[in-house]
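I have placed the structure first, in the form of structure tokens, so that the comments after it can refer back to it.
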Amino acid sequence: MDDPGWRARYRADKEEERRPAPQRGPDGRYQPVEQIYPVEEPFVGGFARPPSFPVPQPGPPAVPPKDGVWLLEDGQTHAPQITLSDSAQMSAVERSKNLRVRRMDPYLQFMAGPLLRYDTVDEQGVWRGAAMIITADAGSTYEPYPTLTFLYDPASPGSLSRTPSKLQKGGAQAYELGPHPADPNSNMPVAVMSEAAESSATLVHRQVPGQEIWVYNSNGGTFTFWRFMIEIPLAQNEMRVYYSVNGGQQFQFYVPGRTQNMRWAAYSCNGFSAGVNADDFCGPGFRSGYDPVWTDLLAHHAEEPFHALVGGGDQLYCDGIVREPELQEWVKESKPEKKRTLPVTGEMLSAIDRFYFNHYCQVFRSGAFARANSSIPMLNMLALGFLTSLVLMNHIDLIDGFGSYPDDLMMSPVFRTIGSRGYFFFLLFQCFINVEIDGLDDLRHPFKSLIIGGNGPFIPFPSHSFLAYLGPQTHMLLLDCRAERKKSQVCSQEEYTKVFSRVSKLPPTAEHLVIQIGIPIAYPRMVFLETALDSKFNPLVALGRSGAVGLAGFVNKFNADAELLDDLNDHWTAKGHKKERNWFIEETQKIAQAKHIRISFLSGDVHCAAVGVFKTLRKGKNAPEIQPPMDHRYMLNIVSSAIVNTAPPNAVLTMVATLASKTHKTLHHADTDESMVPLFDKDPNGTAAKSKYIMGKRNWCSARWDPASGDMVFDIRVEIEKGHGTTAGYAVRAPPPRWSR
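Going by the UniProt record's numbering, the first residue of the sequence shown is number 1, and it counts up by one from there.
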């Protein structure tokens with residue numbers, strides 16, 4: 001259901017028709033479809049010049065600044081609003097003081113960053129994570145190597161001072177972010193350590209040298225990825241950590257207290273599908289339709305900081321890769337057999353890497369998302385859209401399932417290379433991992449939460465799953481459901497064995513295990529649609545294959561299957577995955593009972609909010625129902641999608657909502673019932689909801705452990721009005737395990 005609708009498809013087709021044919025320049029090279037440039041000024045993260053000193057931008061328009069906040073030497077933060085008349089009335093000292101900013105020494109020219117990543121907390125109570133920056137070598141000084149400085153106070157009070165948000169009361173304009181978090185005039189507060197904090201006798205000051213983990217070599221120069229490993233012994237209370245690179249702009253993030261469970265936020269689908277007009281989602285005070293719901297997440301972070309930011313898949317969309325000029329021979333090849341065997345040229349490989357590098361830098365350094373990934377440590381998994389939102393032929397057809405096509409298609413050189421390089425850049429940008437540097441031994445890996453699984457059948461990497469500590473009572477497993485995927489397999493037995501072995505070693509204090517699996521596992525099925533689309537007698541498929549009556553778009557032109565079939569094949573409930581799905585659910589039930597731990601699933605992908613549930617089957621109308629705290633089979637599937645993308649068409653939402661009330665007997669043999677939770681009694685705007693089970697609006701999810709009840713509280717935050725940056729909450733609780741051991 002990654003299709004935004006026929007209208008979006010029509011718009012994408014027209015845009016593709018208007019796109020000029022690629023032309024080589026005087027140097028014989030093509031102009032890429034997406035090209036970004038280093039940040040002009042020496043401010044970490046691409047902070048803009050003061051508004052009163054505009055700088056002309058030659059050539060293509062620059063990437064929007066990540067943030068317009070200025071950090072003054074006197075510790076004040078604001079965007080300067082100094083006019084010429086104001087300056088004339090100031091002394092030279094006053095003018096200098098009002099316009100002085102922190103500068104890096106030595107200077108680094110940024111392409112993206114800083115980015116933060118959370119790993120885990122080890123047995124000694126040490127928080128482990130990392131920061132990463134990407135710099136342009138031609139404009140940077142590496143003598144000495146880049147250095148990250150971070151400061152924290154173990155004796156800080158348990159209640160940290162925070163900025164209360166007025167977002168829910170007054171809309172986006174009332175929140176301290178200002179009209180838009182990437183606006184050069186934004187008044188968003190940044191990390192500024194007070195004089196009292198800086199003079200604290202218990203303040204800890206640490207410096208970490210940068211590690212060069214990869215160099216991107218392009219026609220425009222070379223660019224270095226610098227990783228800074230961070231270790232912070234947890235204190236009794238929650239701590240605010242300040243950090244900067246080479247003495248430049250100061251940022252902050254939060255780590256929990258030693259006995260505290262983390263607050264975290266989860267999201268998925270951070271982009272728009274082809275043909276969706278982002279401006280339709282841009283409300284008053286925003287510059288982009290990408291930012292409103294992210295601004296809401298940041299507003300909640302300002303009120304009560306999150307310790308981790310969980311990316312549940314589609315952290316960025318890569319549809320544009322096949323608009324690269326060097327790939328057009330493959331894209332426009334109409335004969336499937338020739339398309340399968342077309343070799344990858346050196347130009348193609350360069351274009352693929354160029355696209356991923358530029359697109360990642362563009363997305364990760366822009367707007368509200370950039371504010372989030374530099375202030376909340378990320379914990380990311382790979383799901384559908386990253387490798388698979390490819391455009392095929394001269395028609396926009398999204399491949400919504402890398403691994404869910406026949407093996408001969410998956411092994412085709414171009415297709416396989418796009419997937420392989422996509423996985424490489426996922427590990428690099430989102431996990432700060434380079435296999436060539438870090439190796440494949442998860443017992444000696446710099447990131448301790450990593451679980452290396454089996455080798456991917458179509459990419460030259462093994463699966464990378466993660467088991468992270470989220471507190472004494474809470475842990476999270478991010479299961480890699482992509483690297484090993486085939487049409488008949490989600491994960492290999494080798495991956496399951498290694499993952500379950502690591503889970504079996506969780507400490508006895510663990511009461512909740514959240515399993516991030518990308519695609520929902522308890523969700524309405526469309527088996528009848530899958531069967532119909534897969535049938536050779538389907539008249540629409542036959543007409544689509546012939547190109548008749550305008551139905552060419554109904555089939556995927558890569559292998560002439562029905563357009564939605566690849567999407568359905570990718571779901572856990574698809575015929576090819578049903579047996580594995582049922583086995584996986586039963587295995588997690590065994591783990592829950594043996595470890596005395598509550599298991600919940602977290603998913604995205606479907607561009608809806610929903611909650612599915614597994615529970616012990618009630619045998620007979622008069623049989624008592626086991627209450628959730630006493631039921632080891634009671635498992636919620638929280639579905640939160642999408643934070644940016646549009647919801648599916650109304651017809652699809654209506655169909656899914658109708659199917660949501662259907663009773664499934666698939667697991668009755670295992671004494672397990674499954675259904676959807678009627679969570680949405682009202683629409684976010686207060687009117688009657690169209691469906692109690694499915695909410696087709698943009699959303700994200702916050703999660704916290706309730707110390708009073710021991711419940712894991714999932715609060716799905718749903719956008720109230722499109723593009724306005726405010727949400728309403730729908731909370732559901734996973735109770736702690738209370739059955740007998």
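Glycine included, every Cβ here is placed at the ideal spot set by N, Cα and C. Bear in mind that the values here come from a model prediction, so they are computed numbers and not experimental data.
Taking C-beta to C-beta, are residue i and residue j nearer than 7 Å?
i	j	result
R117	M378	yes
V713	M695	no
Q109	A136	yes
I517	F601	yes
P305	Y242	no
V732	V611	yes
G419	I459	yes
T224	V215	yes
S603	I519	yes
D105	N246	yes
S449	L427	no
P154	I133	no
F447	Y360	no
E586	A522	no
G125	R258	yes
D715	G729	yes
Should residue i go down as buried or exposed, given a rule of 16 or more other Cβ atoms within 10 Å for buried?
i	result
T531	Reliability of the predicted coordinates at T531 is poor, the pLDDT of 49 falling under 50, and the value obtained from them is presented with this limitation in mind. T531 should be labelled exposed.
residue 752	No information on residue 752 is available, as it lies outside the stretch 1 to 741 that the chain covers here.
H205	exposed
W705	buried
N637	buried
D440	The residue asked about is misnamed: residue 440 is Leu in this sequence, not Asp. That one is exposed.
Q473	buried
Q207	exposed
What does the alpha-carbon distance come out to for the pair residue i and residue j?
i	j	result
I213	L382	21 Å
L342	D407	16 Å
M635	P735	10 Å
W572	M239	40 Å
A266	F272	18 Å
N270	A92	46 Å
Q250	K692	45 Å
G28	E484	39 Å
R227	I433	9 Å
P146	R365	19 Å
G313	S268	5 Å
Y120	H664	Checking the sequence, you will find Thr at residue 120 rather than Tyr. Whole-angstrom Cα-Cα distance: 37 Å.
D296	F415	37 Å
V613	A703	17 Å
L478	S465	6 Å
K662	V363	40 Å
K579	P413	30 Å
C701	Y30	42 Å
P707	P624	29 Å
K621	T672	16 Å
I643	F680	18 Å
Q23	P32	10 Å
F286	V639	27 Å
T658	N650	12 Å
Compute the minimum distance between the beta carbon of residue i and the heavy atoms of the ligand FAD, and state whether it is under 6 Å.
i	result
A136	What this structure holds is no ligand at all, so the ligand FAD is not there to describe.
Which residues in the same chain as residue i place their Cβ atom closer than 8 Å to its Cβ, once the five residues preceding and following it in sequence are excluded?
i	result
A688	K682
I597	L506, A510, E511, H512, L513, I591, P737
P629	P735, P736, P737, R738, W739
A372	W294, L297, L298, H301, L309
Considering only residues of the same chain and omitting the five flanking positions on each side of residue i, which have a CB-CB separation below 7 Å?
i	result
G289	A278, D279, D280, F281, C282, G723
R421	I352, D353, Y356
P209	Y145, T147
Q593	H632
T417	V344, L349, I352
S218	R354
Excluding five sequence neighbours on each side, which residues of the same chain lie with their C-beta closer than 6 Å to the C-beta of residue i?
i	result
H577	V490
W127	V121, I232, L234, V255
S492	G454, E484
A112	I134, C361, F364, R365
K498	I451, G453
Within the 7 Å Cβ cut-off, does residue i reach chain C?
i	result
G346	The structure shown contains no chain C; it is built from a single protein chain.
- Does the stretch 733-741 come within contact of the stretch 290-301, defined as at least 3 CB pairs closer than 8 Å? no
- Three CB pairs or more closer than 8 Å across the stretch 336-356 and the stretch 316-327: yes
- Message: Contact between the stretch 665-677 and the stretch 695-705 is defined here as three or more beta-carbon pairs at a separation below 8 Å; is this criterion met?
- Response: no
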